[in-house]
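Following the numbering used here, the numbering of the sequence shown begins with 122 at its first residue and continues without gaps.
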Amino acid sequence: MSVRFRNAGGKVTLAILGLIFSCCSMAKEYPERPVNLVVPYNAGAAVDTVGRILAQALAENLEVPVVVENKAGFTGNIGAQYVARSKADGYTLLMAALSSYSLSSKLLGEKAVGYNLQKDFEPVAVVGKLPVSLIANKDVPANNVSELIAYLHKNPAKIAFGSSGPGSLEHAVGELFKLRAKVDILHVPYRGAAPAMTDLLSNQIQLLFATTPITLANVPSGKIKVLGIAGDSKIPQLANVETLAHQGLSGVEATSLFGILVPKNTPDNIVEKLNNGLQKALADPEVIKKFSQQGVTATLGDRAQATDMVEAEITKWNQIINDTDLKISN
122 MSVRFRNAGG
132 KVTLAILGLI
142 FSCCSMAKEY
152 PERPVNLVVP
162 YNAGAAVDTV
172 GRILAQALAE
182 NLEVPVVVEN
192 KAGFTGNIGA
202 QYVARSKADG
212 YTLLMAALSS
222 YSLSSKLLGE
232 KAVGYNLQKD
242 FEPVAVVGKL
252 PVSLIANKDV
262 PANNVSELIA
272 YLHKNPAKIA
282 FGSSGPGSLE
292 HAVGELFKLR
302 AKVDILHVPY
312 RGAAPAMTDL
322 LSNQIQLLFA
332 TTPITLANVP
342 SGKIKVLGIA
352 GDSKIPQLAN
362 VETLAHQGLS
372 GVEATSLFGI
382 LVPKNTPDNI
392 VEKLNNGLQK
402 ALADPEVIKK
412 FSQQGVTATL
422 GDRAQATDMV
432 EAEITKWNQI
442 INDTDLKISN
C-alpha cells in the first residue's frame, strides 16, 4: 500500500515538474507583442523621419511590429513626459531629440518640462546626428551669412526667425546667432518644423533655423535659400553651402543628436536586446542610405557609449548656456 502511494506520489511530482517545464518552454522572450516608438514631434519633423526609418528596421530585428506614435507638443516635452511615466517593460520607447532635451531641461527647468533627463530615462542607443541649417525666404536680399548680417544691421527688429518651439535646439541656435552676429531679430516659435517651414515659404517669417531633412525637402521649391550650416562640416547634398564658421561667424556650431530612450528601471536584458537590434539596424546599408538621403549620419555604439554621449551633450549645452548667459525669451 505504501509502495503504491510512493509511486503515485512520484508520478504526481513528475507530472507537476513536466507542466512547469512545459509552461516555461512555451513562454516567449521579450518582445511578445508590438513595441511602441513614441515620436514627440509632428509627422515630417526630422525626429519623425529618422524614427520611421528605424522602426521598420528594428521591427525586422525584434520580429514584432514597431508602431510609431506621434505625441507632439511643448518642443517634444509632452512625448517625453508620457514615456517617462510609462511602464518600464520595454514596450514604450522614446525617439529622443537629445540636444533639444538637454537645452529644455537647462533653460526651462525640470519642473516646467516635467521630467529629469538623467533620472527618468535609460539610454538605449544614440542613433544619428545632423546639423542645423540657416535658411532664408528667397526674397531676403542676401546670399551668404555676411550679406545677411549686413542686411539685419540695417533693419533691426524687423526680421523674424522661426524655430520648432521655445527651448528647442533650433531656437538656441537662433539665439546664439543673434548673440555672435550682434543682430536684433524676432523669434517666432512653432509647434514643430513643418508649420515653421510653411510660414517661411509664404514669407510670414524671413529666416528659419531647421535640421537637414526638412531643409532638403524644400530646397527644390525654389522658395528658400540655404545661407549656411551651423555644424562642423558641410552637407553633401548642399555642396555649395559653407558652414557658418567658414563664412566668418564662429561659435554657432550645433549638431542635433537623436537617440532611443526607455523609462528608468527597464530590465537590463531588455535594454541590451533593444541596443543589439538597433546596432544591427544602423549597420544595415539600406538604413545608412536612407539616413544619408536625409543628411543624417548614423552612429554605432553600445549602451555605455550611449550613456556617455548623452552625458556629454548635457554638459556641453550647460557650459554654452553658462558661458553665454543664453536666455529663452519666448
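C-beta: ideal position from N, C-alpha, C; glycine also.
Problem set entry | Reference TYR151, options ASN191, ILE391, SER413, closest by Cα | Taking the sequence shown and counting its residues from 1, one reaches residue 151 at position 30. If we check each option's Cα against that of TYR151, ILE391 comes out closest.
Exercise. ASN258 lies in the beta strand (DSSP E); which residues open and close that run?
Worked result: To locate residue 258, count along the sequence shown from 1; it is residue 137. 242-258 is the extent of the beta strand (DSSP E) around ASN258.
Exercise. Secondary structure at HIS367, three-state DSSP: helix, strand or coil?
Worked result: As a working note, residue 367 is residue 246 in the sequence shown. Three-state DSSP puts HIS367 in coil, outside helix and strand.
For this session: Ignore the nearest five residues each way along the sequence and tell me which others in TYR203's own chain have a CB closer than 7 Å to its CB.
Result: Walking along the sequence shown from the start, residue 203 turns up at place 82. So the qualifying residues of the chain are VAL159, LYS192.
Exercise. To which residues of the same chain is GLY416 closer than 7 Å at the C-beta, ignoring the five residues directly before and after it?
Worked result: In the sequence shown, the residue the question calls residue 416 occupies position 295. LEU251, THR333, PRO334, LEU337, ILE356, GLN358, listed in sequence order.
Problem set entry | Rounded Cβ spacing between ASN264 and GLN327 (contact assumed at less than 8 Å) | Locating residue 264 in the sequence shown gives position 143, counting from the first residue. Locating residue 327 in the sequence shown gives position 206, counting from the first residue. Not quite, the Cβ-Cβ distance comes to about 14 Å (not below 8 Å), so this is no contact.
Problem set entry | contact_flag[the segment 278-297, the segment 224-238] where n(CB pairs < 8 Å) is 3 or more | yes
Exercise. For VAL171 versus THR420, is the C-beta distance shorter than 8 Å?
Worked result: The count along the sequence shown starts at 1 and reaches residue 171 at position 50. The count along the sequence shown starts at 1 and reaches residue 420 at position 299. Not closer than 8 Å, so no.
Problem set entry | LEU477 - DSSP class collapsed to helix/strand/coil | Since the first residue of the chain shown is 122 and the last is 451, residue 477 is not available in this structure.
Problem set entry | Which of helix, strand or coil DSSP assigns to PRO384 | Taking the sequence shown and counting its residues from 1, one reaches residue 384 at position 263. Looking at PRO384 - three-state DSSP - the assignment turns out to be strand.
Exercise. Can you tell me the Cα-Cα spacing of GLY283 and ALA164, whole angstroms?
Worked result: The sequence position of residue 283 within the sequence shown is 162, counting from 1. The sequence position of residue 164 within the sequence shown is 43, counting from 1. C-alpha separation (whole angstroms): 18 Å.
Exercise. From GLU374 to GLU153, what distance separates their C-alpha atoms?
Worked result: In the sequence shown, the residue the question calls residue 374 occupies position 253. In the sequence shown, the residue the question calls residue 153 occupies position 32. Looking at the two C-alpha atoms, the distance is approximately 43 Å.
Exercise. In three-state terms, what does DSSP make of GLY295?
Worked result: As a working mapping, residue 295 is identified with position 174 in the sequence shown. Here GLY295 sits in helix by DSSP.
Exercise. Can you give the Cα-Cα distance for LEU175 and ILE270, rounded to whole angstroms?
Worked result: For the purposes of this step, residue 175 is identified with residue 54 of the sequence shown, where counting begins at 1. For the purposes of this step, residue 270 is identified with residue 149 of the sequence shown, where counting begins at 1. Distance between the alpha carbons of LEU175 and ILE270 is about 39 Å.
For this session: Tell me where the alpha helix (DSSP H) around ILE442 begins and ends.
Result: Position 321 of the sequence shown, counting from 1, holds the residue named residue 442. It spans 424-445 - the alpha helix (DSSP H) in which ILE442 sits, taken as one unbroken run.
For this session: Count the other C-beta atoms from every protein chain shown that fall within 10 angstroms of the C-beta of THR292, then say buried if there are 16 or more, exposed otherwise.
Result: One-based indexing of the sequence shown puts residue 292 at position 171. According to the sequence as given, residue 292 is His; it is not Thr. Buried, since its Cβ has 16 or more Cβ neighbours within 10 Å.
For this session: Count the other CB atoms, across all protein chains shown, that sit within 10 Å of the CB of PRO161; report buried if there are 16 or more and exposed otherwise.
Result: By one-based count along the sequence shown, residue 161 stands at place 40. PRO161 comes out buried.
Exercise. With 16 as the cutoff for other CB atoms within 10 Å, does GLU243 come out buried or exposed?
Worked result: The count along the sequence shown starts at 1 and reaches residue 243 at position 122. So GLU243 ends up on the buried side.
Exercise. First and last residue of the beta strand (DSSP E) that includes VAL261?
Worked result: Mapped onto the sequence shown, residue 261 falls at position 140. Where VAL261 is concerned, there is no enclosing beta strand (DSSP E), given that its DSSP letter is neither H nor E.
For this session: Compare the C-alpha of ALA331 against each of SER220, THR445, SER254 and name the closest.
Result: Within the sequence shown, the letter at position 210 stands for residue 331. That would be SER254, whose Cα lies nearest to the Cα of ALA331.
For this session: From the DSSP output, in three-state form, read off LEU95 for me.
Result: With the chain covering only 122 through 451, there is no way to say anything about residue 95.
Exercise. What does DSSP give as the partner residues of LYS346 in its beta bridges?
Worked result: The sequence position of residue 346 within the sequence shown is 225, counting from 1. Partner(s): ALA257.
Problem set entry | CA-to-CA distance, LEU370 to VAL266, given in whole angstroms | Here residue 266 is taken as the residue at index 145 of the sequence shown, counted from 1. Here residue 370 is taken as the residue at index 249 of the sequence shown, counted from 1. So the alpha carbons of these two residues sit roughly 8 Å apart.
Problem set entry | Closest residue to ILE256 among GLY295, LEU224, TYR236, GLY249 (Cα-Cα distance) | Working through the sequence shown from its first residue, we reach residue 256 at position 135. Comparing Cα-Cα distances from ILE256 to each of GLY295, LEU224, TYR236, GLY249, the minimum goes to GLY295.
For this session: Can you tell me which of the three DSSP states GLU153 falls into?
Result: Locating residue 153 in the sequence shown gives position 32, counting from the first residue. If DSSP states are grouped into helix, strand and coil, GLU153 belongs with coil.
Exercise. Using CA coordinates, which residue listed in SER323, ALA218, GLY372 is at the minimum distance from ILE199?
Worked result: Within the sequence shown, residue 199 is the residue found at index 78, counting from 1. Taking only the C-alpha atoms, the option nearest ILE199 is ALA218.
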